[in-house]
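Residue numbers (our numbering), protein chains in the order written: chain A, 1 to 134; chain B, 1 to 134. For every residue, glycine included, the Cβ atom is placed at its ideal position computed from N, Cα and C. See structure below.
Protein chains: 2
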Amino acid sequence: MTITEVARRAGLPAKTIRYYEEIGLIRPPRRPNGYRAFRASDVMKLGFLARARSLGFSVEDCRALLALWEDRQRASADVRALARGHLERIEGKITELQSLRATLADLVAACAGDHRPDCPILAGLTEGPPGRGS
Amino acid sequence: MTITEVARRAGLPAKTIRYYEEIGLIRPPRRPNGYRAFRASDVMKLGFLARARSLGFSVEDCRALLALWEDRQRASADVRALARGHLERIEGKITELQSLRATLADLVAACAGDHRPDCPILAGLTEGPPGRGS
DNA sequence: CTTGACCTTCCAGTTGCGGGAACCCTTATC
DNA sequence: GATAAGGGTTCCCGCAACTGGAAGGTCAAG
Chain A
1 MTITEVARRA
11 GLPAKTIRYY
21 EEIGLIRPPR
31 RPNGYRAFRA
41 SDVMKLGFLA
51 RARSLGFSVE
61 DCRALLALWE
71 DRQRASADVR
81 ALARGHLERI
91 EGKITELQSL
101 RATLADLVAA
111 CAGDHRPDCP
121 ILAGLTEGPP
131 GRGS
Chain B
1 MTITEVARRA
11 GLPAKTIRYY
21 EEIGLIRPPR
31 RPNGYRAFRA
41 SDVMKLGFLA
51 RARSLGFSVE
61 DCRALLALWE
71 DRQRASADVR
81 ALARGHLERI
91 EGKITELQSL
101 RATLADLVAA
111 CAGDHRPDCP
121 ILAGLTEGPP
131 GRGS
């Protein structure tokens, strides 16, 4: 199976697959001509990686998940802890973005958006937190 | 005013201030000894940048906002357009993260999190979108 | 004169790849 | 046999927005 075909099946760009090999997430053997010889297990790992990444797990999280995935003896509590940590980070990010959205929406709503030069958005950015001037 | 003092007032690390100078957001003159001589206008610009960045505007957005801020003749519509574009990006990001959160929360909820090796989270990552295996 | 706290520049690393150069392998066609 | 197309390979640079650290100049105090 060529890397392009693997890429299609796993849903990842070929570049990304080479990168994952480079950082040791997969270790496909090589054919005599130097081409990568992907095994079924490599393709499955790559699919796993694609899905985990699409859920926002960092590559390092993915490395850990992959290790847990390969080690059937490992307790599911480990996986759960990792996923929960990630979930909490995502929730924190959501809260943060919602706060940003509220502030920005206020500013945008306050702005007439016409030809006049005075703009409440710029005014809002000129003073206020953070950076308590003088 | 030393860079440390400016950093304190603007609410930015000194490193970041040097970086902002390097990319041309500010252009403080120098003293004979080579130290940066920040003017009041530099400090205000840095405060503006700190606030805009904290609202999630990219540095390039900040460059544009700064130009609009300095050009009092410019219509507020320009600023509003920039802010609205940013607001939309943020809302898209929120939606995306909420979707991730839902999926992750489902997986975490389905996982017993005990010592047993079978884990619904890993199972969920093993199949399903993306990467339609074979 | 030395110590310590500043300041300066420059270089490397971060995350997760993407772009592109330069080159090899295979197959088909002329 | 030459060659062109369409794979594959490595390697290195670049992105955003800094952060850390090394190496060295400056300044005020003791």
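- For B/R39, the secondary structure class from DSSP, reduced to helix, strand or coil, is coil.
- Judged by their CB atoms, B/L49 and B/L68 are not nearer to each other than the 8 Å cut-off.
- Within a 10 Å sphere around the beta-carbon of A/H115 sit fewer than 16 other beta-carbons, which makes this residue exposed.
- Listed along the chain, the chain B residues whose CB falls inside 8 Å of the CB of A/I90 are L97, L100, R101 and L104.
- Cβ contact annotation for B/R63 (same chain, cutoff 7 Å, sequence separation greater than five): L25, in chain order.
- Straight-line spacing of the CA atoms in A/D106 and B/R8 works out to 28 Å.
- Contact with chain B is absent for A/K15, since none of that chain's Cβ atoms lies less than 8 Å from the residue's Cβ.
- Within chain B, C111, A112, G113, D114, H115, R116, P117, D118, C119, P120, I121 and L122 have C-beta atoms less than 9 Å from the C-beta of A/S76, given in sequence order.
- Taking 8 Å as the CB threshold, B/K93 lines the interface with chain A.
- Taking 8 Å as the cut-off between beta carbons, the residues of the segment 38 to 57 of chain B near chain A are V43, M44, L46, G47, F48, A50, R51, A52, S54, L55 and G56, in sequence order.
- Along the segment 58 to 87 of chain A, the positions whose C-beta sits under 9 Å from a C-beta of chain B are L65, L68, W69, D71, R72, Q73, R74, A75, S76, A77, D78, V79, R80, A81, L82, A83, R84, H86 and L87, read in chain order.
- For the pair A/L125 and B/R51, the CB atoms are nearer than the 8 Å cut-off.
- In the DSSP assignment, B/R72 is bridged to no other residue.
- With 16 or more neighbouring CB atoms inside 10 Å of its own CB, B/R80 falls in the buried class.
- Interface criterion met: the Cβ of A/L125 is under 8 Å from a Cβ in chain B.
- A Cβ-Cβ contact shorter than 8 Å links B/G47 with B/A10.
- With a cutoff of 8 Å on beta-carbon distance, B/L104 and A/I94 are scored as not near each other.
- A/I3 is positioned such that its CB atom lies closer than 8 Å to that of A/R36.
- Collapsing the DSSP output to three states places A/R116 in coil.
- Rounded to whole angstroms, the gap between the alpha carbons of A/A109 and A/G92 is 26 Å.
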